[in-house]
Amino acid sequence: MEYNSKEIEKKWQDYWKENDSFEPSEDFTKEKKYILSMFPFPSGRLHMGHVRNYSISDAFARFHRQQGKNVLHPIGFDSFGMPAENAAIKNNANPKTWTYDNIDYMKNEFYSLGFSFSRKREMATSDELYTKFEQAFIIDMYEKGLLYREKGLLNWCPHDQTVLANEQVIDGCCWRCDTPVVKKDMNQYYFKITKYADELLDDLKKLEGGWPKQVLTMQDNWIGKSNGLAFDLFFDESSHAKLNEQFKSFDVFTTRPDTVYGVSYTALAPEHAIVTYMIENNLLSDEIIVEIKKMKTTSSIDRQKEKSGIPLGLNVIHPLTGKSIPVWIANFVLMDYGSGAVMAVPAHDDRDFDFAKKYDLEIKLVIKPFDGKAEDGKAYTEVGELFNSGEFDGMNSKKSQYNIIKYFEEKNIGKKTTNYKLKDWGVSRQRYWGTPIPFIHCEDCGLVMEKKENLPIALPDDVEITGEGNPLDNHPTWKHCKCSVCGKDAIRETDTMDTFVESSWYFLRFCASPENMQDEAFSAEQIKYWMGVDNYIGGIEHAVLHLLYARFFTKVFRDLGYLDFDEPFDNLLTQGMVLKDGSKMSKSKGNTVDPDEIIEKFGADTARLFILFAAPPTQELEWNDSGVEGSHKFIKRFFDRSSNIVACESIPKIAHAELSKDEKFARKKVYEALVRANDVYNEKFTFNTLIAGTMEAMNALNAQSNSDVWSEGYWILASIMEPIIPHVACEISEKYFSLNNLTKQIILDEVFVEDSITLGVSINGKRRAEIEVAVDESKENIITLAKEKTAKWLENKEIVKEIVVPKKLVNIVVKG
RNA sequence: GCGGAUGUGGUGAAAUUGGUAUACACGCCAGACUUAGGAUCUGGUGCCGCAAGGCGUGGAGGUUCAAGUCCUCUCAUCCGCACCA
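Residue numbers (my numbering): -10 to 805.
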């Protein structure tokens, strides 16, 4: 019978569906595995990145099921978000219809690839039920003080017409559409992720070993913790008077308190409150105001090109020396880090140095290298010896930091301070297709929460999406409601949630009990059993975004009493991108390969095999059409050669000693593949080498003709390949083994016992010959034999040393 | 600039962690079967050389009996962060 992927794959997909083959057991005494791929956005069709992602998780899931574990391998859709609205604007479609049509289509694609998902736990985050639970959590978080509303300077994407969180601005541009982001002053809801900054940072240690180092580093950098000294710089009397006595001082932060005696000027961000006050109260000339405004409206990218500044005509007093120091505005001072003001030490900071050179400001040295002189023409930023630093002269600059901070604290003029790069997470979006934020604006009561019993606050279906303004705000009736406190007419919040909120807890939602899904977001009992996720698989692009938010939510949910662990994902595998012709597959480049076409032409098993064979999962994968055909050929051979099997209900017993050399070799190769399978599925994840091992075993089986060896070989190979090519493996397994082989396989040590072994013989480390010896051959005999074989290279040489590495090689060292 | 990763045949990639470099596959070459082959099967295939032999894991050194693997320096590519005070 010829291999027919369509027939076989349909048969098994129907079988799995009818038999609920992949529903996890409710027996919580069993050992569990929670295998999860990052869920997809329902963009319309699957792409190869999805196929790769789920082929990896499916291989894990199926392997662990074979091992007798209770496996949760769920699927859902991250179905809120801008593309649904953009499609609506473009095609005049309804975002909801568009989204759910896509979900249906993609679900079919998933099942046509044979992925072993729990169907009972399927969900989409735009489901009203999901919205209901999420809104309840939002209210909980507000009550805990973890959500607040504030006016601020925000990242605004002019294309998507919405604000973005800091994490969502990549190189000054919108993460989704690449439009340069501008600053806009508006109201916004924030999650207080900064409250968890230290814990998010410290707990990265718990993830070491389970997460790629790179991701841990990226999160560490993003949180950006730095310790230092904060102190006030006081204006002198005339400056104080100039500012109408409104400002006595401003606050600066430094990580280099050791350089404090070298401060020769100080700089404010152009957005600083003092600058704003001076502009508003006409304390600056018109030309200067124009210059400041220009500085403020320059994009962050342009602002980085060259340092520029403006003297404000104000002076502050150095807190230790009492000297007068000029105050400048500088474009390189960031308003949203620290206090938006810096002390400048040009002698020991590159930026301050550049600025001082440009404006000819004083450069005061206070640290010198231990061995004498510093290089001219640049700042000396290394550790050294303090001088010009009062009572700290002669100290090691690094060590003096502690003392100087202590000195400031004793004199009560400054204190030890920690700063973070991480900002609170701005979560409101001025768009329609998202979770409505469950708040109400009441004239009398102010901002109040919706009552939990009124949830969900669902989106209206009859909405006009034009791309202009906020559709919920423009809707004629939706926003009108009653105040949840006083009952008077009030206005609903029309902003919706950032969709990263939904993906911050979906992995918990999969821990709902299927019987109770309507009533609870997740079951405490199931959470306790299933979490954390044993293998989480997804793209590196979420290293800071989703993965940071999800960690934050987990800690919040813990503090809300919903769960009792700190980290959601025990092990993270970041898969590489799928490339074609050297670059990432994308519609705009026209280098995409449609999974549906591959399934149609070769079948799902071929697609899965190729994708796992062509590269290890963490590396980039170059798509290669003839490589796909090669994978298809292997599957055909695998299927065709199964005719050598003699059907059996259990693994054949074989008398190893009586076999021929080829037969023994074939068995060895089969069991080597089995050993490798355990290794790969449990820790190494290099499916490519497992597949190669299977191919070697197949080649070795084919070089012999013992039907018991064939049957045993297939018993094992079909079992270890089932996670990768499940349809054809099940077909073979059913036909010959009544599916009995799809379980944990026993490794027989006897097949690895060798009668004789081949040793390489090297002269001076250069391989010259090989010899075959008995396993227990004596060292003397091995050396004698090795010398015979290499006599040619030993002539007229003096043998200096003879090394025998057991079971590996012989090395003879000669001289002359 | 800072941090991280990677560099092995014509190509995708292996190498049990210091022990026979290039497994497995693609491609290519030859042969078999065939009316035919873009099907299937068999064999070959790191580079130079007629050969003996030599060279060979980005490059240069080093440690070692032995280095793709360890150390020092260096080059290239990719990724992340990027005036964070």
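We put the CB at the ideal spot given by N, CA and C, even for glycine.
Own chain, CB closer than 8 Å to residue i, minus 5 neighbours either side, in chain order
i      : result
Ile760 : Thr747, Leu748, Val750, Ile771, Leu774, Ala775, Lys778, Val799
Phe342 : Pro335, Ala336, Ile352, Lys367, Ala368
Arg547 : Asp553, Phe554, Asp555
Asn392 : Phe381, Met384
Ala681 : Phe602
Distance between beta carbons of residue j and residue i, contact taken as under 8 Å
i      : j      : result
Pro425 : Ile446 : 5 Å
Asn560 : Gly199 : 4 Å
Glu720 : Trp1   : 7 Å
Leu102 : Ile588 : 7 Å
Gly327 : Asn408 : 5 Å
Cβ-based neighbour list, residue i, same chain, cut-off 6 Å, excluding 5 preceding and 5 following
i      : result
Leu737 : none
Gln734 : Leu663, Ile705, Ser708
Ala256 : Trp317, Ala319, Val322, Val331, Ala333
Val635 : Ser696, Ser700
Phe52  : Tyr670, Pro712
Leu679 : Arg665, Ala666, Val669
Trp422 : Phe69, Ala73, Glu74, Pro84
Gln515 : Cys500, Ser502
Where residue i falls, given that 16 or more other Cβ within 10 Å makes a residue buried
i      : result
Lys468 : buried
Gln693 : buried
Ile402 : exposed
Gly476 : exposed
Cys166 : exposed
Thr455 : exposed
Phe17  : exposed
Pro584 : buried
Gly594 : Looking at the sequence shown, residue 594 is not Gly but Asp. Counting Cβ neighbours within 10 Å, Asp594 comes out buried, since at least 16 surround it.
Val355 : buried
Glu652 : buried
Asp338 : buried
Thr86  : exposed
Ala73  : buried
Thr243 : buried
Pro246 : buried
Glu491 : buried
Which listed residue (the options) has its alpha carbon closest to that of residue i
i      : options                         : result
Lys410 : Gly329, Ile92, Phe344           : Gly329
Thr563 : Ser696, Thr607, Asp9            : Thr607
Asp192 : Gly476, Gln208, Lys388          : Gln208
Glu701 : Ala655, Val742, Ser745, Asn667  : Ala655
Asn176 : Tyr137, Glu188, His148, Pro584  : Tyr137
Asn443 : Asp187, Ser417, Cys470, Phe52   : Cys470
Ser313 : Ser227, Gly476, Gly298          : Ser227
Met520 : Ala532, Gly379, Arg498, Ile529  : Arg498
Met566 : Met95, Gly527, Glu609, Asp585   : Glu609
Asn271 : Leu232, Ala258, Val249, Thr244  : Leu232
Phe599 : Arg41, Ala644, Glu74            : Arg41
Lys622 : Ala644, Pro605, Ala596          : Ala596
Gln419 : Asp382, Gly458, Met438, Ser615  : Gly458
Gly33  : Asn(-7), Ala48, Asn97, Asn8     : Asn97
Val533 : Ile78, Pro201, Ala77            : Pro201
Ala686 : Glu453, Trp782, Lys657, Glu672  : Lys657
Phe344 : Val372, Glu364, Lys109, Ile299  : Ile299
Gly752 : Lys790, Lys569, Lys578, Arg630  : The amino acid at residue 752 is misidentified as Gly; the sequence shows Ile. Here the closest residue by C-alpha is Lys790.
Gly379 : Val249, Tyr131, Leu461          : Val249
Lys387 : Thr406, Asn580, Phe359, Glu(-4) : Phe359
Close Cβ partners of residue i (< 7 Å) along its chain, the five nearest in sequence each way excluded
i      : result
Asp116 : none
Phe558 : Gly521, Val522, Tyr525
His307 : Val252, Ile314
contact_flag[the stretch 392 to 400, the stretch 147 to 163] where n(CB pairs < 8 Å) is 3 or more: no
Cβ contact check for the stretch 476 to 488 and the stretch 421 to 435: 3 or more pairs under 8 Å: yes
The stretch 176 to 189 touching the stretch 411 to 419, judged by at least three CB pairs closer than 8 Å: yes
Three-pair Cβ contact test at 8 Å for the stretch 503 to 518 versus the stretch 142 to 159: no
Three or more C-beta pairs below 8 Å linking the stretch 43 to 63 and the stretch 2 to 16: yes
The stretch 16 to 25 in contact with the stretch 516 to 531 per 3-pair CB rule at 8 Å: yes
Three or more C-beta pairs below 8 Å linking the stretch 624 to 642 and the stretch 725 to 732: yes
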